[in-house]
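Its first residue numbered 326, the sequence shown is counted upward by one per residue in our numbering.
Just so you know, even glycine gets a beta-carbon here, dropped at the ideal spot from N, CA and C.
It should be emphasised that the depicted structure is a prediction, and the values quoted were computed from it without experimental measurement.
Reading through the structure tokens given below for one structure.
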Amino acid sequence: MWDAVEDGSPETVLLDAVRAGDLGAWDVLFRRHSDALRRVAAGWFSQQADREDLMAESFARVLDAVLGGGGPRESLRPYLVVTMRNLAANWSRGRRRVELYGEVPEPRAGVAGGEELVLQRWNEQLAWAAYCALPGRWRTVLWRTVAEGDSPREVAPLLGISPNGVAVLALRAREGLRQAYLQAQVPPAATTGCLEPRRRMGSWARGAVPRRQAGLIAAHIAACGSCWTVATRLAEANRELPPVPCSVTARRAGSGMAPAP
Numbered sequence: 326m327w328d329a330v331e332d333g334s335p336e337t338v339l340l341d342a343v344r345a346g347d348l349g350a351w352d353v354l355f356r357r358h359s360d361a362l363r364r365v366a367a368g369w370f371s372q373q374a375d376r377e378d379l380m381a382e383s384f385a386r387v388l389d390a391v392l393g394g395g396g397p398r399e400s401l402r403p404y405l406v407v408t409m410r411n412l413a414a415n416w417s418r419g420r421r422r423v424e425l426y427g428e429v430p431e432p433r434a435g436v437a438g439g440e441e442l443v444l445q446r447w448n449e450q451l452a453w454a455a456y457c458a459l460p461g462r463w464r465t466v467l468w469r470t471v472a473e474g475d476s477p478r479e480v481a482p483l484l485g486i487s488p489n490g491v492a493v494l495a496l497r498a499r500e501g502l503r504q505a506y507l508q509a510q511v512p513p514a515a516t517t518g519c520l521e522p523r524r525r526m527g528s529w530a531r532g533a534v535p536r537r538q539a540g541l542i543a544a545h546i547a548a549c550g551s552c553w554t555v556a557t558r559l560a561e562a563n564r565e566l567p568p569v570p571c572s573v574t575a576r577r578a579g580s581g582m583a584p585a586p
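So, in structure tokens, the structure goes:
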């Protein structure tokens, strides 16, 4: 068994011990990372039971890999986070994509707060779809700074940029997530003329489309009843989101992007 002094052993030593069959070393690793992994799991699931299941299954799978001679050699947490991400994606696969006009399931009769629960799950699905649509670096900086609570200084070596660069990237990633969240609510175009406007409608609603293209989208919406309805509902959803950060607004002004509608 590992004593209190050995609890501070490097992860390379602990992982080698696990490979040799010492499950006490794995217990040390579990206690070292479980709190952080619970915070990460909260990014995928709102229910405590689901978070615990996700974390437990991830630890179990990584333990199997380590005992089999594979798995991480130096740092356990990134390997666990990737395992959790893949599991969460598999568990979420098959969920029906909720469209802007999709039916929201009726709450069960007699269940207190049923309507609120339905809306919460609907928003969770939209947020998950939005997160999956982001570029890899944006997903990384969001998970490390938001889900795991790491500081820009801690994340900087991972991304190969300065702490200030991490802060700027995180700001852009958050705004990108809001745009993707709106875009996830845009239903497919029924005609070819609506394809391009709808493809960029989430960004357009946040004022993130270059001015000329924004004008073309606005002109199409003014002449298309179905797209006008979509844009109106997106505007309602956008009002619930934080405003575009001032630094992002300034950057758009310098690049000729249209202001938020």
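DSSP-derived helix/strand/coil call for residue 460: What you label residue 460 is simply residue 135 of the sequence shown in a count that begins at 1. For residue 460, the three-state secondary structure derived from DSSP is coil.
Where residue 591 sits in the DSSP three-state scheme: A question about residue 591 goes unanswered here, because the residues of the chain that appear run from 326 up to 586.
Close-in-space but distant-in-sequence residues of the same chain around residue 340 (CB under 8 Å, 5 per side omitted): Residue numbering aside, residue 340 sits at position 15 when the sequence shown is read from its first letter. For residue 340, where only same-chain residues beyond five positions count, the Cβ hits under 8 Å are 350, 354, 391, 396, 397, 398, 399 and 401.
Test item: CB-CB of residue 453 and residue 365 under 8 Å: Taking the sequence shown and counting its residues from 1, the one referred to as residue 453 is at position 128. Taking the sequence shown and counting its residues from 1, the one referred to as residue 365 is at position 40. Contact: no.
Candidates 384, 377 and 367, of which the one nearest residue 348 by Cα: Start at 1 with the first residue of the sequence shown, and residue 348 comes out as number 23. Ranking the options by Cα distance to residue 348, first place goes to 384.
For residue 535, three-class secondary structure by DSSP: Start at 1 with the first residue of the sequence shown, and residue 535 comes out as number 210. Annotated three-state conformation of residue 535 is strand, per DSSP.
Residue 567 - DSSP class collapsed to helix/strand/coil: Here residue 567 refers to the residue found at position 242 of the sequence shown. Residue 567: coil per DSSP, three-state reduction.
Rounded separation between residue 427 and residue 409 - CA only: One-based indexing of the sequence shown puts residue 427 at position 102. One-based indexing of the sequence shown puts residue 409 at position 84. For residue 427, the predicted structure reports a pLDDT of 34, less than 50, and the residue's modelled location is therefore unreliable. A value from the coordinates is still provided. Each residue's Cα considered, the two are about 29 Å apart.
Cβ contact check for the stretch 473–489 and the stretch 512–525: 3 or more pairs under 8 Å: no
Member of 555, 471 and 506 whose CA lies at the smallest distance from the CA of residue 450: Stepping through the sequence shown from its first residue, residue 450 is reached at position 125. Measuring from the Cα of residue 450, the nearest candidate turns out to be 506.
Three-state secondary structure assigned by DSSP to residue 549: Start at 1 with the first residue of the sequence shown, and residue 549 comes out as number 224. In this structure, residue 549 counts as coil in the three-state DSSP scheme.
Own chain partners of residue 479 with C-beta closer than 7 Å, once the 5 adjacent residues on each side are dropped: Here the question's residue 479 lines up with position 154 in the sequence shown. Nothing listed; no residue qualifies.
Buried or exposed by the 16-neighbour rule on C-beta atoms within 10 Å, applied to residue 530: Your numbering for residue 530 matches position 205 in the sequence shown. That one is buried.
Terminal residues of the alpha helix (DSSP H) in which residue 529 lies: Here residue 529 refers to the residue found at position 204 when the sequence shown is read from its first residue. Here the alpha helix (DSSP H) through residue 529 covers 526–530.
Residue burial classification, residue 552 (beta-carbon count within 10 angstroms, cutoff 16): The residue given as residue 552 occupies position 227 in the sequence shown. Burial call: buried.
Residues near residue 474 in its chain [Cβ-Cβ closer than 7 Å; skip 5 each side]: Counted from its first residue, the sequence shown places residue 474 at position 149. Correct list, in chain order: 364.
Neighbourhood of residue 580 by C-beta, 6 Å cutoff - its chain only, sequence neighbours within 5 removed: For the purposes of this step, residue 580 is taken as the residue at position 255 of the sequence shown. Unreliable placement is indicated for residue 580, whose pLDDT of 38 sits below 50; the coordinate value is still reported in the next sentence. Nothing meets the Cβ criterion.
Nearest residue (CA-CA) to residue 527, options 500, 549, 375 and 517: Your numbering for residue 527 matches position 202 in the sequence shown. It is 500.
Backbone CA spacing between residue 518 and residue 460 [nearest angstrom]: One-based indexing of the sequence shown puts residue 518 at position 193. One-based indexing of the sequence shown puts residue 460 at position 135. Going from the Cα of residue 518 to the Cα of residue 460 covers about 27 Å.
Beta-carbon proximity list for residue 369, same chain, < 6 Å, skipping 5 on both sides: Here residue 369 refers to the residue found at position 44 of the sequence shown. Excluding sequence neighbours, residue 369 sits near 413.
Beta-carbon proximity of residue 497 to residue 566, cut-off 8 Å: Here residue 497 refers to the residue found at position 172 when the sequence shown is read from its first residue. Here residue 566 refers to the residue found at position 241 when the sequence shown is read from its first residue. Not a contact, by the Cβ cut-off of 8 Å.
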